[in-house]
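Protein chains in written order, with full-length UniProt numbering: chain X, 1 to 313; chain V, 1 to 448.
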């Protein structure tokens, strides 16, 4: 990935001059050697990437019955509008997007700012500790959360009990299952985002803080008016990847609740898995996959337009 | 040094890297298409046919354990053969089998498939298994008829041989019943059962039953349906709002409304809840004995078994939960040996009895039920002849129609059952709307 030196408020001049198109096109044909080097990657890409992609698109226009495949046009896509389970999975995703992503990015930002303080010792250790949940294996994660959130005798309920609050049915009540899912997602991914945001913060030179302080800005103003605007691309990166992650959510809710209870934590991808691999309705599953991709593209583009453009006044 | 990526790069890589696996994960070639189930050539074992070579067998848990044990015996009787039993674990078993059937490659020579799952594989992959009718058809009368029904397909084909079944009865805590002064043999109907539950709760504080309506089977709902002779479809039509279904769900609602249900999550919740004595009864299948004896030996002498309560005083007092079959996928390179092993394992009394004794697998092979072992007193149950209770019930299990869309139905039924038990919805209306939804999702008509 291209990683140009960060333009600061001071040195940002006119946009870098691009070579005219004619000059770029004027090069000779790529040599054989280039193809040999690119060949293996291209072949693997075609085999494991382009072919399945195309096959799944074709499959989404078909239906299977008794081993024979029929072309059904857009029928599989039409089914989604009339499928309460699919609509509910979209609603659940909306709830998570609206609550979990902002909370997580906010926490991640706060954490990144803390980790970036010069007085902080053992910074590497802290960073590793907060990053750890993102690389924890799913099985360990599932077991730990099942034990923590057990209705009877789970650690969380024991603590609540000691404080005089009644036991909460964390994984079996639709509302609390959503809360549990949001909490566990936040636990798993806040550190990951914080580390990315921290990298962005570290790219901002000390002189920026000094300049702001000389101009009479307090700490809060410095962060809100000077630092945050420069962090915008990194925040946008976190928001977009988190949004994509949420739309593709599978692991966490699959291991915690299998999408239940009462479909309260069902997401489109868990539903897709059920439709494809449990109900053997592969055409419909492929159609759902493509709708999820279209949604991801649409929402990401929207976020890009709304939050990304503003800077270029 | 900067690590700030540009927005454009971010957007492009983010999309490409994360969106694509989703699509490719779902795409698999259109293999496994139409066609007919092939037959296994060659003579049957007892008619001079000779087998050789190697097969792989897929199974899980105690079933795998039983097969590993008996594979040695088989190899001794058939020199030159190797039977490799692999425990693939229940959690991934169906994903592996589905992908193997679809891809047309990668499966073992013998597959363990639960009876409830067989119809959806037969419907979706009619050419995916060997037709065993010419070799195994002669055993038709020897197998429990509900189980036999699950392995036979259209056109008189036999896609598997039934292995074990799960005849149902009511396990109860003798101490809880005694403390409340309730005679378990007086529970003739489910109404009696609810009334007894209220008394037991008042006298001992124990609830009556552990349930997880959000579990993959929607609690005891399918068991109650089969007791009344149906599953989710009847003659290919949606049958989830029939009078039988309404009766079943109304009973479950009554249990919930009276506060007789301990809601515990999944299989583990049922096991630990039972171990902790949370509920006085467990209406379930014969294989539950294996779990009781292995997981809670300290409760020896505390359990008894009576037939299930009926929906009327003279109706059928059992049902079926679980039970597996063994099938030979059409991609097997050594179907002769695969069949010989299945035949050895499942059509011999001695092997069936040893699997019942050692692994608690209740045989679908009826001649085995006449064995003296079935009428022995069981120490764990304070000397009660519990196996005899199940053996008698096993012959009365109502056969039901399983359907390729049962998985779809199950998902919808879980919503309906949780809606009624956890959110107080009306059973009739919840089932009515579930039926409509299922009819739309499957393109079927609704049963009258």
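For glycine and all other residues, C-beta sits at the position ideal for the given N, C-alpha and C.
Do we get a CB-CB distance below 9 Å when we pair residue i with the residues of chain V?
i                      : result
residue 64 of chain X  : yes
residue 282 of chain X : yes
residue 37 of chain X  : no
residue 306 of chain X : no
residue 274 of chain X : yes
residue 194 of chain X : no
residue 216 of chain X : no
residue 208 of chain X : no
What did DSSP end up calling residue i once you bin it into helix, strand or coil?
i                      : result
residue 232 of chain V : coil
residue 65 of chain X  : strand
residue 88 of chain V  : coil
residue 23 of chain X  : Note that residue 23 of chain X scores 48 on pLDDT, short of 50, meaning its location in the model is unreliable; the coordinates nonetheless yield the value given after this. Of the three classes helix, strand and coil, the one that applies to residue 23 of chain X here is helix, per DSSP.
residue 261 of chain V : strand
residue 448 of chain V : coil
residue 257 of chain X : helix
residue 30 of chain V  : Because the pLDDT of residue 30 of chain V is 37, which lies under 50, any placement of that residue in the model is unreliable, and the question is left without a value.
residue 303 of chain V : strand
residue 283 of chain V : strand
residue 127 of chain X : helix
residue 82 of chain V  : strand
residue 167 of chain V : strand
residue 13 of chain X  : Annotation note: pLDDT 45 at residue 13 of chain X (below 50); position unreliable, coordinate value reported separately. Looking at residue 13 of chain X - three-state DSSP - the assignment turns out to be coil, as it is neither helix nor strand.
residue 277 of chain X : helix
residue 157 of chain V : strand
residue 295 of chain X : helix
residue 276 of chain V : coil
residue 145 of chain X : helix
residue 248 of chain X : coil
In whole angstroms, give me the CA-to-CA distance for residue i and residue j.
i                      : j                      : result
residue 123 of chain V : residue 106 of chain X : 51 Å
residue 317 of chain X : residue 412 of chain V : There is simply no residue 317 of chain X to check, as chain X begins at 1 and stops at 313 in what is shown.
residue 285 of chain V : residue 185 of chain V : 18 Å
residue 433 of chain V : residue 194 of chain X : 46 Å
residue 254 of chain V : residue 422 of chain V : 12 Å
residue 381 of chain V : residue 292 of chain V : 10 Å
residue 57 of chain V  : residue 334 of chain V : 12 Å
residue 172 of chain X : residue 209 of chain V : 17 Å
residue 86 of chain V  : residue 80 of chain V  : 20 Å
residue 71 of chain X  : residue 367 of chain V : 49 Å
residue 221 of chain X : residue 210 of chain X : 13 Å
Take the Cβ of residue i as the centre, count every other Cβ of all protein chains shown within 10 Å, and call the residue buried at 16 or more, exposed below.
i                      : result
residue 121 of chain X : exposed
residue 295 of chain V : exposed
residue 117 of chain V : buried
residue 54 of chain V  : exposed
residue 84 of chain V  : exposed
residue 305 of chain X : exposed
residue 283 of chain V : buried
residue 205 of chain V : exposed
residue 144 of chain V : buried
9 Å is my cut-off, CB to CB: does residue i come that close to chain X?
i                      : result
residue 98 of chain V  : yes
residue 197 of chain V : no
residue 304 of chain V : no
residue 295 of chain V : no
residue 102 of chain V : yes
residue 414 of chain V : yes
residue 226 of chain V : no
residue 150 of chain V : no
residue 401 of chain V : no
residue 206 of chain V : no
residue 2 of chain V   : Confidence at residue 2 of chain V is low in this model, with a pLDDT of 39, below 50, so its placement is unreliable and no value can be given for it.
residue 476 of chain V : With chain V covering only 1 through 448, there is no way to say anything about residue 476 of chain V.
residue 407 of chain V : yes
residue 423 of chain V : yes
residue 160 of chain V : no
residue 235 of chain V : no
So with CB distances below 7 Å, who are the chain C contacts of residue i?
i                      : result
residue 437 of chain V : Protein chains X and V are contained in the structure displayed, whereas chain C is not.
Check whether the stretch 439-447 of chain V and the stretch 266-280 of chain V touch, using three or more Cβ-Cβ pairs below 8 Å as the test.
The stretch 439-447 of chain V, when compared against the stretch 266-280 of chain V, does not touch it at the 8 Å Cβ threshold.
Measuring CB atoms only, is the stretch 358-377 of chain V touching the stretch 51-70 of chain V, in the sense that at least three cross pairs come out at less than 8 Å?
Look at the beta carbons and you see the stretch 358-377 of chain V touching the stretch 51-70 of chain V: at least three pairs across the two are nearer than 8 Å.
Would the stretch 100-120 of chain V count as touching the stretch 73-82 of chain V if we require 3 or more Cβ pairs under 8 Å?
The stretch 100-120 of chain V makes no contact with the stretch 73-82 of chain V: fewer than 3 CB pairs, one atom from each, lie closer than 8 Å.
At a cut of 8 Å, does the stretch 230-237 of chain V reach the stretch 399-412 of chain V through at least three beta carbon pairs?
Touching, yes, given that three or more Cβ pairs across the two stretches are closer than 8 Å.
Looking at C-beta atoms only, is the number of pairs between the stretch 160-180 of chain V and the stretch 319-331 of chain V that lie closer than 8 Å three or more?
Yes: at least three Cβ pairs fall under 8 Å.
Validate contact between the stretch 200-213 of chain X and the stretch 110-120 of chain X using beta carbons, cut 8 Å, 3 pairs
Contact holds: three or more Cβ-Cβ distances are below 8 Å.
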